[in-house]
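Structure, as structure tokens:
Here is the structure:
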């Protein structure tokens, strides 16, 4: 029997801007992809299945993927806390290649731990700056859900195996 999937405590509509750059002078690859950013809110677009072309130039093109959600889970609040403490908090986009090679964003998360797990599982993960709206939401979420684990001193053991008189 599988464990029930935890429902998100907070969920936000997001869109991802991806960029394709042409590469010249390289015999192995002709283009590279990167995530430029995440925007919060419902933007008009074809949905998560197809991107909308925003800008196209001779060497680069930018695409908007809409219909995604960034979800916050109580059991990941420690990861959100540590992400918010760094000098430049990140938002992580997990993408999978389509048949034509274009990466399709499938997940947006504020959890570094979740992003790392996807990366270790062989998924492509892009890091972008955390949008201010998601920063504020994650901060409020952490304040409501994160309880730091109390530090405990571990008992000292006599590693030499000697007994001490008077103790």
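Residue numbers (our numbering): 510 to 676. Glycine included, C-beta positions come from ideal geometry on N, C-alpha and C.
Cβ neighbours of residue i in the same chain (closer than 8 Å, five flanking residues each side left out)
i: residue 589; result: 581, 619, 620, 647, 650, 651, 655
i: residue 531; result: 539, 540, 567, 568, 569
i: residue 592; result: 598, 599, 619, 620, 621, 639, 647
i: residue 478; result: No statement about residue 478 is possible, as the shown extent of the chain runs from 510 to 676 and does not include it.
i: residue 510; result: Because the pLDDT of residue 510 is 48, which lies under 50, any placement of that residue in the model is unreliable, and the number read from its coordinates should be weighed accordingly. Contacts found: none.
Rounded separation between residue i and residue j - CA only
i: residue 604; j: residue 663; result: 43 Å
i: residue 697; j: residue 568; result: Because the chain is modelled from 510 through 676, residue 697 falls outside the range shown and cannot be assessed.
i: residue 658; j: residue 639; result: 26 Å
i: residue 606; j: residue 666; result: 53 Å
i: residue 560; j: residue 573; result: 5 Å
i: residue 611; j: residue 570; result: 12 Å
i: residue 583; j: residue 597; result: 22 Å
i: residue 528; j: residue 630; result: 24 Å
i: residue 552; j: residue 518; result: 23 Å
i: residue 668; j: residue 661; result: 20 Å
i: residue 645; j: residue 558; result: 29 Å
i: residue 585; j: residue 575; result: 24 Å
i: residue 587; j: residue 641; result: 19 Å
i: residue 565; j: residue 543; result: 15 Å
i: residue 536; j: residue 632; result: 24 Å
Same chain only: Cβ atoms within 6 Å of residue i, ignoring 5 sequence neighbours per side
i: residue 634; result: 601, 603, 624, 627, 628
i: residue 521; result: 549, 579
i: residue 523; result: 547, 549, 577, 579, 617
i: residue 595; result: none
Nearest-angstrom beta carbon gap, residue j and residue i [assumed within contact, 8 Å]
i: residue 525; j: residue 643; result: Not quite, the Cβ-Cβ distance comes to about 12 Å (not below 8 Å), so this is no contact.
i: residue 545; j: residue 637; result: 7 Å
i: residue 563; j: residue 614; result: Actually they do not touch by this definition, with Cβ atoms about 14 Å apart.
Residues bridged to residue i (per DSSP)
i: residue 620; result: DSSP output for residue 620 lists no bridge partner at all.
i: residue 604; result: 614, 633
i: residue 547; result: 525
i: residue 638; result: 599
### Task
Counting only runs of 3+ residues fully inside the segment 512 to 544, write out the beta strand (DSSP E) ranges in chain order.
If one requires a minimum length of 3 residues, the beta strand (DSSP E) runs lying completely within the segment 512 to 544 are 519 to 531, in chain order.
### Query
Which runs of the beta strand (DSSP E), 3 residues or longer, sit entirely within the segment 555 to 598?
Within the segment 555 to 598, the complete beta strand (DSSP E) segments at least 3 residues long are 561 to 565, 569 to 581, listed from N- to C-terminus.
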